[in-house]
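When the letters of the sequence shown are read in order and numbered with my numbering, they come out as residues 12 to 106.
Cβ atoms here follow ideal geometry from the backbone N, Cα and C, with glycine treated the same way.
Reviewing the structure listed below.
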Amino acid sequence: MDSITPYELAQVAEKLEKLLKNFNITLKVGLPNVIALSLPEDIIFRDEKAMQDFASQSLNAAGIHLYAQLEMVFISANQNLTTIILQGTPRDYIN
12 MDSITPYELA QVAEKLEKLL KNFNITLKVG LPNVIALSLP EDIIFRDEKA
62 MQDFASQSLN AAGIHLYAQL EMVFISANQN LTTIILQGTP RDYIN
């Protein structure tokens, strides 16, 4: 699986940040391939499937297509951490 360059990771974070700022969600970026979402008190996910769906839909809405694995860390208002892994499509398979 390919790796995301720091520049590409910053671009992904910037696009997501623009999309999610109205929900009061802040982002932090870490290497390799990590984006942390700090959630406000009024956003609660019941399970990891909901987080997976939210992350995938957010990436799609921001016009982002992953070609590498991306780790997303959800940080709740009470500082609980949940990590999900999104699998990208290898560049060789993208037309």
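Does the distance from the C-beta atom of residue 93 to that of residue 62 stay below 9 angstroms? It is a contact, given that the beta carbons lie within the stated cut-off.
For residue 79 versus residue 46, is the C-beta distance shorter than 9 angstroms? No; because the gap between Cβ atoms is not below 9 angstroms, this pair is not in contact.
Between the CA atoms of residue 48 and residue 38 - distance to the nearest angstrom: Roughly 5 angstroms between the two C-alpha positions.
Test item: CB-CB of residue 70 and residue 31 under 9 angstroms: Residue 31 is positioned such that its CB atom lies no closer than 9 angstroms to that of residue 70.
Closest to residue 55 by CA distance: which of 33, 86, 42 is it? The residue with the shortest Cα to Cα distance from residue 55 is 86.
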